[in-house]
Structures are given as structure tokens and as C-alpha cells.
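Per our numbering: the sequence shown = residues 20 to 455.
For reference, the structure discussed in these notes is given below.
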Amino acid sequence: MTTLTAGAILLALMLLLLAGGVWIAMTLAICGWVGQAFLTSSEPGLNLFSAFWESNASWELAALPLFIWMGEILFRTKLSEEMFRGLAPWLNRVPGRLFHTTILGCGIFGSVSGSSAATCATIAKVSLPELKRRGYDERIAMGSLATAGTLGILIPPSITMVVYAVAADASIIRIFLAGFLPGLLLMALFSGYIGWWSLRHRDRMPPPEPTTTLVDKLKLSRNLLPCAALIVFVCWSLVAGWATATECAAYGVVGALALAAWSGSLSWPSLRDSLAGAARTSCMIMFILAGAAFLTKTMAFTGIPRELAEWVDSLHLSPYALIATLVAVYLVLGTALDGISMIVLTAAVVMPMIQKAGFDLVWFGIFVILLVEIAEVTPPVGFNLFVLQNMTGQDSNRIARAALPFFGCLVACIVLITVFPAIVTIVPDLLMGQAR
Numbered sequence: 020m021t022t023l024t025a026g027a028i029l030l031a032l033m034l035l036l037l038a039g040g041v042w043i044a045m046t047l048a049i050c051g052w053v054g055q056a057f058l059t060s061s062e063p064g065l066n067l068f069s070a071f072w073e074s075n076a077s078w079e080l081a082a083l084p085l086f087i088w089m090g091e092i093l094f095r096t097k098l099s100e101e102m103f104r105g106l107a108p109w110l111n112r113v114p115g116r117l118f119h120t121t122i123l124g125c126g127i128f129g130s131v132s133g134s135s136a137a138t139c140a141t142i143a144k145v146s147l148p149e150l151k152r153r154g155y156d157e158r159i160a161m162g163s164l165a166t167a168g169t170l171g172i173l174i175p176p177s178i179t180m181v182v183y184a185v186a187a188d189a190s191i192i193r194i195f196l197a198g199f200l201p202g203l204l205l206m207a208l209f210s211g212y213i214g215w216w217s218l219r220h221r222d223r224m225p226p227p228e229p230t231t232t233l234v235d236k237l238k239l240s241r242n243l244l245p246c247a248a249l250i251v252f253v254c255w256s257l258v259a260g261w262a263t264a265t266e267c268a269a270y271g272v273v274g275a276l277a278l279a280a281w282s283g284s285l286s287w288p289s290l291r292d293s294l295a296g297a298a299r300t301s302c303m304i305m306f307i308l309a310g311a312a313f314l315t316k317t318m319a320f321t322g323i324p325r326e327l328a329e330w331v332d333s334l335h336l337s338p339y340a341l342i343a344t345l346v347a348v349y350l351v352l353g354t355a356l357d358g359i360s361m362i363v364l365t366a367a368v369v370m371p372m373i374q375k376a377g378f379d380l381v382w383f384g385i386f387v388i389l390l391v392e393i394a395e396v397t398p399p400v401g402f403n404l405f406v407l408q409n410m411t412g413q414d415s416n417r418i419a420r421a422a423l424p425f426f427g428c429l430v431a432c433i434v435l436i437t438v439f440p441a442i443v444t445i446v447p448d449l450l451m452g453q454a455r
């Protein structure tokens with residue numbers, strides 16, 4: 020059986036199971052088991068155990084439930100409502116108004132968590148109920164969260180960036196610095212689309228908040244300051260090197276509990292509910308991670324990623340034709356693999372091609388991470404789609420359709436950094452010189 024046929028069988032099985040309503044994590048694990056049992060000579064039982072253990076036994080992953088718990092505390096103690104009350108007067112005249120809080124929140128939180136799943140889950144927990152209560156269009160809110168959540172892996176620090184730097188033997192610091200401008204560009208594209216949509220669909224926007232004076236705005240901003248101070252503190256702790264991402268997550272939980280107690284909204288029922296909510300969401304995400312890790316092992320054993328990369332190399336394409344082909348290859352891989360696995364499984368073949376074509380490895384790192392972001396919202400294995408599906412009860416395909424316009428913003432960002440590579444390279448070049 021050819022590698023291409025094996026890949027088609029696994030994809031068809033995955034679509035069949037998802038259509039039949041099988042749990043997402045179970046679908047991934049079943050596909051991995053079938054692939055190893057019938058398409059390879061490996062032992063699926065042993066690999067299932069090791070994949071589930073390795074995917075969850077991680078110190079870095081400890082930040083995930085902590086950040087989710089922080090979001091649950093902010094949500095259940097009404098601190099998030101206070102934050103929105105503080106933001107509303109300032110955004111009242113901006114097209115899109117409070118929709119922009121999802122983009123801004125994901126951008127800021129993504130710089131702290133370094134995780135797409137944690138960013139998507141935490142900001143969704145805080146913003147979705149409040150936006151829905153105020154009458155904002157749920158479809159746009161879900162679409163913006165699915166895609167803006169991916170900012171967690173583009174705005175440094177990012178685990179995916181570290182993995183790429185190691186695989187490509189590139190400078191981690193340069194790749195971190197290279198992510199800032201593309202991250203801001205992507206946030207601007209997302210917010211630009213929201214503004215354009217709100218101007219075209221005024222009838223689907225809630226009525227504006229009552230006009231307030233500058234003094235009233237400043238008074239209401241007191242509601243914004245506690246949460247803003249917590250976010251700034253967590254961000255600065257990481258940027259200044261005072262703490263790791265996991266330690267920052269712990270600081271965030273302690274800070275959220277302190278703010279809730281100070282505001283008088285912390286109670287035993289709210290604390291119990293926040294713990295239960297964080298446990299449910301964290302277990303859901305970790306179960307999906309484990310299933311994806313097992314499927315990734317199967318893909319490695321079948322050799323599908325390697326053969327795709329070798330096929331591209333055999334075409335002897337021009338530099339930009341090579342880039343266009345790699346986009347197609349990574350998008351195909353993104354339907355069945357997580358981002359880190361895509362990078363690890365293709366690095367050995369792709370990196371020499373990129374260097375031979377004359378592309379900067381730092382630029383290519385940001386290029387690949389943007390493709391990984393697209394994979395996070397591409398069915399059938401769009402991880403952010405699964406996170407929102409489990410949090411909202413909406414079908415992942417409906418969320419994917421809601422994310423389509425923002426998907427276009429991701430594509431536009433890839434085109435812009437390809438046409439103007441200085442968007443990626445100017446910051447590391449200015450701050451670190453031309454040394455590679």
C-alpha cells in the first residue's frame with residue numbers, strides 16, 4: 020500500500036468518525052490505532068501509552084490549567100463584567116466596539132501563555148458570555164476568538180517558536196523578536212475586518228452605549244484597572260525574566276483570587292464552580308492533545324510528512340514556487356497534525372531546501388508559524404475549533420465557517436510578509452545586528 024493511499028484511508032476514517040458524533044479525542048486515538056495496527060508494523064498499544072504520557076507529562080503544560088482557572092475566576096466572580104464596563108465607554112465610537120476586546124485580549128494574553136489553546140479557552144471564557152449578554156453577534160465573536168487565539172504561538176514567547184529554532188538550528192532570540200511586528204499586523208487585520216463588518220451590518224450590532232463625558236469615562240475605568248493591572252503584572256513578570264510561563268500562570272491565579280476577594284465577589288460557591296470549570300476544560304484539552312500525539316506517532320511511522328517533503332524537493336522549483344508548494348503541503352498536513360509535529364516531522368527535508376533557495380531561516384520560521392496558525396482553524400483537526408466547540412456546544416464546522424473571514428486575514432498576513440519580508444526581519448536586525 021502506498022503512503023498516499025494510507026493517508027487517504029486515515030483521513031476518510033477520521034471524517035466518518037467525526038460525522039458519527041464520536042468524541043474528538045477518541046476519533047484521533049482510533050485513527051492512530053487503526054493506522055499503526057493495519058498500515059505499519061509498529062505496536063499500537065505501547066505507542067498509545069507512551070503518546071498519552073508524553074503529551075501530558077510536561078512542566079510547560081502545567082500553565083494551561085492555571086491560565087484556564089484564572090479565566091474561570093475572572094468570569095465567575097464578575098471581574099470580567101467590570102472590565103467590560105470599563106472598556107465600553109472608550110470603544111463606543113470605534114466601529115465594532117467591544118468586538119475588539121477579543122483581539123486585544125488574545126494578543127495580550129497570548130504573549131503571556133505562549134499557547135494557542137490556553138489563549139483561546141481563557142479569553143473565550145471571559146468574553147463570550149459578556150458579548151452575548153450585551154447583544155453582540157455570536158458568529159463574529161466565535162470566529163474572531165478561533166483565529167485570534169492563535170496569536171498565542173505568534174507573539175513571543177512561544178513553545179512552537181522554540182521547537183522551530185531547535186529544528187532549524189536558528190537563534191531563538193531572533194525568532195522571538197521577529198514575531199512582534201507580524202503579530203501586531205495580524206491583530207490590525209483582524210480588527211480591521213471587524214470594523215468593516217460592523218459598518219456593513221449596523222442592524223446586527225447592539226445599540227451604542229450611552230454617551231459619557233470624559234470624567235464619567237475615567238470613573239468607569241476604575242472597573243478596568245484591577246484586571247488590567249493583573250494582566251500587566253503577569254506579562255511583565257515573564258518579559259523581565261522574573262518567572263517562567265507556568266509561574267506566571269500561578270501568579271495570575273493568585274492575583275485573580277486576590278482581586279475577587281478585594282471586590283467582595285469571591286465566595287465558596289464561585290470558587291468551587293471555577294475549579295470545576297477549569298478541571299473540565301483542562302481535561303478536555305489534554306485529552307485532545309493526547310489523541311493528537313498518538314495520531315502524530317502514526318503519521319511518523321507511515322512516513323506521510325517525510326514523503327510529501329521529499330516529493331516537493333524532487334520538483335526542483337523556483338524560490339517562490341517552492342514557497343507556494345510548501346504552503347499547500349503544510350495546509351494538507353495541518354488537517355491531521357498539530358503545529359509542532361508538522362515542524363518536527365518535515366524539518367530535516369524542508370530546511371535544506373529553504374537554505375538552498377536563499378530564504379532567511381528566521382523569516383521562514385514566522386512563515387511556518389503563520390501556516391501552523393491556519394492549521395489551528397482548519398477542519399477536521401483544527402484544535403481551536405475543538406476548544407470552542409466544547410466550550411460553546413456549537414458544531415466545529417459552524418465555528419470554522421464563522422472563522423472563514425479571519426482565515427482570510429491570516430492568508431493576507433502570509434502574503435504581506437512574503438512580499439515585504441522586512442516586516443519579519445527588521446526588528447531582529449535592528450536590535451541584534453546582521454549576525455545570524
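C-beta atoms are modelled at their ideal positions from N, C-alpha and C, and glycine is treated no differently.
With distances taken between CB atoms, is the gap from residue i to residue j smaller than 7 Å?
i	j	result
A275	L93	yes
L210	I172	A small correction: the amino acid at residue 210 is Ser; Leu does not occupy that position in the sequence shown. For S210 and I172, no; Cβs fall outside 7 Å.
V396	A422	yes
P338	A295	no
V182	I362	yes
L164	A140	no
G154	P225	yes
S256	A262	yes
G51	L352	no
C432	L200	no
Y270	V251	no
A297	F71	no
I468	A44	No statement about residue 468 is possible, as the shown extent of the chain runs from 20 to 455 and does not include it.
G126	L196	no
L85	A268	yes
T166	I388	no
G90	T138	no
N75	M305	yes
T321	A25	yes
G384	I194	yes
T444	W382	yes
I436	T300	no
V348	V331	yes
S543	R95	Past the boundaries of the shown model lies residue 543; the chain is included only from 20 to 455, so the question cannot be answered.
Which residues bound the alpha helix (DSSP H) around residue i?
i	result
I172	L170 to L173
E395	L380 to E395
E62	E62 -> no alpha helix (DSSP H), and no H or E assigned at all.
D235	L233 to L239
T230	Per DSSP, T230 belongs to no alpha helix (DSSP H) and is neither H nor E.
Q408	F402 to T411
T300	W287 to T321
F118	Segment: none, F118 is in no alpha helix (DSSP H) and carries neither H nor E.
N416	S415 to V438
P201	F199 to R219
Y349	P338 to G353
T166	E157 to A167
For residue i, count neighbouring C-beta atoms within 10 Å of its own C-beta (all shown protein chains included) and say buried if the count is 16 or more, exposed if not.
i	result
L350	exposed
Q55	buried
S415	buried
Q453	Interpretation of Q453 is limited by its pLDDT of 49, a score under 50 that renders its predicted location unreliable; the figure taken from the coordinates is listed afterwards. Classification for Q453: exposed.
G283	exposed
D235	exposed
G374	The amino acid occupying residue 374 in the given sequence is Gln; Gly does not appear at that position. With fewer than 16 other Cβ atoms within 10 Å, it is exposed.
R455	Low confidence applies here, because R455 scores a pLDDT of 44, under 50, leaving its location unreliable; read the following figure in that light. By the 10 Å Cβ count, R455 comes out exposed.
V434	exposed
E62	exposed
G198	buried
L233	exposed
S69	exposed
A207	exposed
V185	exposed
L429	buried
T230	exposed
S293	buried
At least 3 beta-carbon pairs within less than 8 Å: the region 183 to 193 vs the region 148 to 163 = In short, these stretches do not touch, since the Cβ pair count stays below three.
ask   = How do the region 107 to 120 and the region 228 to 240 stand: do at least 3 beta-carbon pairs fall below 8 Å, yes or no?
value = yes
query = Quick one: any contact between the region 267 to 285 and the region 112 to 120, if contact means 3 or more CB pairs under 8 Å?
reply = no
ask   = Just checking, does the region 208 to 217 make contact with the region 118 to 128 on the three C-beta pairs under 8 Å criterion?
value = yes
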